[in-house]
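Step one of this worksheet: look at the structure below.
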Amino acid sequence: MLRVAIFTSEAMPFAKTGGLGDVASALPKALKQGGEVDAALFLPLYEQTDRALLRERLFDNLEVEWAGGRQHVGVWLSEAIGAPAFLIDAPRYFQRNSIYGFRDDHERFAFFCRAALAALKRLGPPPDVVHVNDWPGGFAAAEIHARRVFDPYFAATRTLFSIHNLAYQGGFDPRDLEWLGFAWGEVHNAFLMDGAASSLKAGLMLSDALSTVSRRYAYEMQTPGQGYGLDWVLRMRSERLIGVTNGVDYDVWNPATDPHLAANFSADDLSGKRACKLALLRRFHLPEEPDRPLIAIISRLVAQKGYDLIRDAAGAILETGAFFVALGAGAQVYEDFLQRWRDIAPHRIGIYKGYAGEPLAHQIEAGADMFLMPSLYEPCGLNQMYSMRYGTVPIVRATGGLDDTVENFDRTRGSGNGFKFGEYSARGMLGSIYEALLCYAEPEVWRRVQLNGMREDNSWQAAARKYVELYRAVLRL
Ligand code: ADP
Ligand code: GLC
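Residues in the sequence shown are numbered consecutively from 288, following my numbering.
Here you go:
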């Protein structure tokens, strides 16, 4: 049995700000079910984490070497996700009012990585693979690379670095590298990038293998347009880089059993979806007109998600007569835009500004007719796959995982599960919205697109099998 330790900065149901939270708990669970990998998850214990999820405090005083001295942390075990999860309790760094966004974020996650490696050593024999995610995990990859030379515990352990988003690079003042323990040599240099230090770059340089969350993004990230200054590193390491498209945890995202919905439904009987739509209209104080199309979006409010296009097309979207429901947290400019848009047309637009947690996200997926993802770039994207299962038709830009998972609907052949446009412009997006609305007006045609999406199998099993192959391959290196 392969032993794999997965390091993450967020995982459902402990802490989540975006898709990594969903992936980081679904993958170890699927690996465990596959029966070939003994997977364990490591993450910080945040103020936001529900203490009821914790089973026992395994260690009270785990010693962590830090900044020339020693710190002590607690380690908790949880069995809430179907694979063991170990949570590092370091209040100084993680008892804060949000998960990211502090000046010392690099210090916080460097510490988490150091403490998680110390916890591994206390827990028993070394893992075969340490699988780290995004810039917070770069510190662990760098540390294992450095330590394996002199620390027999890590001598045979291999690292896999998964990139969920290349734009978040974990930048900090390179002078901190010294006291963080990356003072010199190859490891020090791997962090350096344009006069700053980047834990993402260190992870990309020093991990034994790299993966990202769709095939298309694996290609795009190697181009200057989408490489965020790191495309050359990825091209240099392209033989060690592979795209594995994320899956969906159908235990969590299943309209037939979803406990958050006004009514359950499935591909065989869609009738409950109407009740979900009515409940959603009520929730957002919109008129109860269930035949009027409803377009929804759930996303972090950042440029990545294509909010500039929505802002440019706001008037034209209103003119279509459709309802529009938006759930999002993030940049003030987009929150202000949403507020203004809603104030102009309170009978058409419903907004929720902030992070709403799971129930509302599920209710929107179930109650909407169409789900808009006009992303500038999208490493994978999960909501388009959730939407499909809920009979909600995705309208997406052909980029990254959106391009890989959504096939444009073809009226004559009746094939395709959504609507897709290429050009990053309001015009391009509106073209697909109009096409979707035309199909919506013909119930038989619409039913076809819905069912094509609902029957898609994006379960984690296939993706988990690819990770197992990847773990085996990295051990042969
Ligand atoms: P990303 O990871 O780039 O944010 P994904 O599509 O992979 O995009 O995943 C986003 C996840 O976060 C989905 O599960 C979505 O429902 C959830 N989500 C995003 N914004 C919010 C919000 N404001 N409230 C609740 N859930 C949200
Ligand atoms: C990132 C990406 C998103 C992806 C998610 C999970 O946050 O922006 O596209 O689905 O990670 O891999």
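Quick reminder that beta carbons are idealized off the backbone N, C-alpha and C, glycines included.
Report the CB separation of residue i from residue j in whole angstroms; it is logged as a contact under 8 Å.
i, j, result
"N695", "E743", "That belief does not hold up - the Cβ atoms of N695 and E743 are roughly 14 Å apart, past 8 Å."
"L659", "R635", "Actually they are not in contact, since the Cβ atoms of L659 and R635 sit about 15 Å apart, beyond 8 Å."
"L374", "L330", "6 Å"
"I585", "P661", "That pair is no contact at about 13 Å."
"D421", "S296", "7 Å"
"E575", "L567", "Contact doesn't hold; Cβ gap of about 10 Å is too wide."
"G514", "L453", "7 Å"
"L767", "D656", "Any question about residue 767 goes unanswered here, given that the chain covers just 288 to 764."
"Q306", "C563", "This sequence places Gly at residue 306; Gln is not what is there. Actually they do not touch by this definition, with Cβ atoms about 23 Å apart."
"E731", "F706", "Actually they are not in contact, since the Cβ atoms of E731 and F706 sit about 17 Å apart, beyond 8 Å."
"P423", "F441", "At roughly 19 Å, the Cβ-Cβ gap does not stay under 8 Å, so P423 and F441 are not in contact."
"A609", "L724", "7 Å"
"R409", "F346", "6 Å"
"R342", "S365", "6 Å"
Who are the near neighbours of residue i in its chain, counting only those whose CB is closer than 7 Å to its CB and skipping five residues on each side?
i, result
"K319", "A326, G369 and A370"
"V761", "V416, R445, L447, D495 and A496"
"A601", "W628"
"W733", "C726 and Y727"
"L493", "A428, A429, H432, V474 and A477"
"L479", "P461"
"M741", "A554, M675, R676 and G678"
"P681", "F658, M660, Q671, S674, M675, V693 and G705"
"L663", "A590, Q591, G593 and Y711"
Measuring alpha carbon to alpha carbon, tell me which of the options ends up nearest residue i.
i, options, result
"V736", "G678, R759, L364 and D690", "G678"
"E645", "F301, P730, T295 and R734", "F301"
"R390", "T499, P546, G458 and Y504", "G458"
"L689", "A749, Q748 and K592", "K592"
"N384", "E366, L479 and Y333", "Y333"
"T607", "L717, L738 and E350", "L717"
"G641", "I631, E622, A632 and A653", "E622"
"A535", "P315, G715 and V310", "Reading the sequence as shown, one finds Val at residue 535 and not Ala. Of the candidates P315, G715 and V310, the one whose C-alpha sits nearest the C-alpha of V535 is V310."
"Y455", "G482, D438, Y387 and R409", "Y387"
"S485", "R502, P461, W471 and A470", "P461"
"A749", "D518, N533, K488 and G424", "N533"
"A372", "L340, H393, R503 and Y504", "L340"
"E337", "M741, W363, A313 and R570", "Position check: residue 337 holds Asp in this sequence, whereas Glu was assumed. Nearest option by C-alpha distance: W363."
"R503", "S719, W353, P412 and G687", "G687"
"V766", "S365, A590 and L647", "Outside the shown range of the chain (288 to 764) lies residue 766, about which nothing can therefore be said."
"A505", "F708, T699 and D691", "D691"
Quick one: using the 10 Å Cβ neighbour count with 16 as the cut-off for buried, is residue i buried or exposed?
i, result
"P542", "buried"
"M288", "exposed"
"H649", "buried"
"A713", "buried"
"Q509", "buried"
"A665", "It should be noted that the sequence gives Glu, not Ala, for residue 665. The residue is buried, with at least 16 neighbouring Cβ atoms inside 10 Å."
"D556", "exposed"
"H451", "buried"
"I631", "exposed"
"D578", "exposed"
"Q671", "buried"
"L764", "exposed"
"N739", "buried"
"E507", "buried"
"D697", "exposed"
"E652", "buried"
"P315", "buried"
"R684", "buried"
"G355", "exposed"
Would you say residue i touches ligand 3, meaning its beta carbon is less than 7 Å from a heavy atom?
i, result
"D309", "Of the ligands one can find in the structure shown, namely ligand 1 and ligand 2, none is ligand 3."
Leaving out the 5 sequence neighbours to the left and right, which residues in its chain are closer than 6 Å to residue i when beta-carbon positions are compared?
i, result
"Q335", "A302"
"A397", "F426 and L467"
"I638", "A613, L625 and R629"
"V419", "F294, A427, A428 and F448"
"A751", "A317, L318 and G321"
"S553", "A543"
"R290", "D325, P414 and D415"
"A377", "V360"
"R522", "Q509"
"R401", "V351"
"S312", "A298, M299 and I368"
"R561", "P577"
"R435", "F441 and A442"
To which residues of the same chain is residue i closer than 8 Å at the C-beta, ignoring the five residues directly before and after it?
i, result
"L248", "Residue numbering for the chain in the displayed model covers 288 to 764; residue 248 lies beyond these limits and cannot be assessed."
"R587", "T304, G305, G615, A616 and G617"
"D470", "Note that residue 470 is Ala in the sequence shown here, rather than Asp. The residues are L464."
"R357", "E350 and V351"
"H572", "P633 and G637"
"V755", "L289, L318, G321, E323 and V324"
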